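First residue of the sequence shown: 0, per numbering that gives the first Met the number 0; consecutive thereafter.
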Amino acid sequence: MTESEALSKFGLVPDASSLEEIRREIAAETAFRRADGYDENDYEDYTPVLYLFCVQLFAARQVQDCLFIWRAKQCDFDAFCMVDSEFLCGAGLEETQTFLREQNSEEARKILDFIDQYGSFHRSDWSHEGHLDIYRRYYGLL
0 MTESEALSKF
10 GLVPDASSLE
20 EIRREIAAET
30 AFRRADGYDE
40 NDYEDYTPVL
50 YLFCVQLFAA
60 RQVQDCLFIW
70 RAKQCDFDAF
80 CMVDSEFLCG
90 AGLEETQTFL
100 REQNSEEARK
110 ILDFIDQYGS
120 FHRSDWSHEG
130 HLDIYRRYYG
140 LL
């Protein structure tokens, strides 16, 4: 699926009925990249759609999606640099921290540490809608 196909099919803020398909797509793309199926020459084909899937999960505000977004962010260097740390907290900072503490896993602890160190959502002027507006402008929806 290309970036334009994903945007057309799901929109920037997907409805709940689309979330499972987006999660499957992001998991497949992440696995593909980790299996070294990704080549730097394929950047235009694969990187934008992975990024969009992360934006869509962020926009949907489902706390469990922080795990999918983290795995996407961790799949390779390009994804790590590209996927915003703020995407991890689409459901809200406190909600995400509580969810991750309840997971009691090494992965959850790494995400918590990362959020504490690198997330700009600790600033008083950060908001989910404000951050989402950046992507509405980016995709020409504002």
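Where is the CB? At the ideal position from N, CA and C, for every residue including glycine. Only a predicted model underlies this, so the values are computations on that prediction, with no experimental measurement involved.
With fewer than 16 neighbouring CB atoms inside 10 Å of its own CB, Arg-122 falls in the exposed class. One alpha carbon belongs to Ser-7, the other to Glu-101, and they sit about 35 Å apart.
Between the beta-carbon of Thr-46 and that of Met-0 there is about 13 Å, and that puts the pair past the 8 Å contact cut. As summarised for the region 36 to 94, the continuous alpha helix (DSSP H) elements at least 4 residues long and confined to that stretch are 42 to 59, 64 to 73 and 76 to 81, given in chain order. At a Cβ-Cβ threshold of 7 Å, Val-62 and Glu-94 count as neighbours. A residue is called buried once 16 or more other Cβ atoms fall within 10 Å of its Cβ, and Asp-64 is buried on that count.
The residue among Leu-111, Ala-27, Glu-105 and Phe-9 with its C-alpha nearest the C-alpha of Cys-74 is Ala-27.
When only Cα atoms are considered, Cys-88 and Lys-72 end up about 13 Å apart. Rounded to the nearest angstrom, the gap between the Cα atoms of Glu-106 and Ala-59 is 22 Å.
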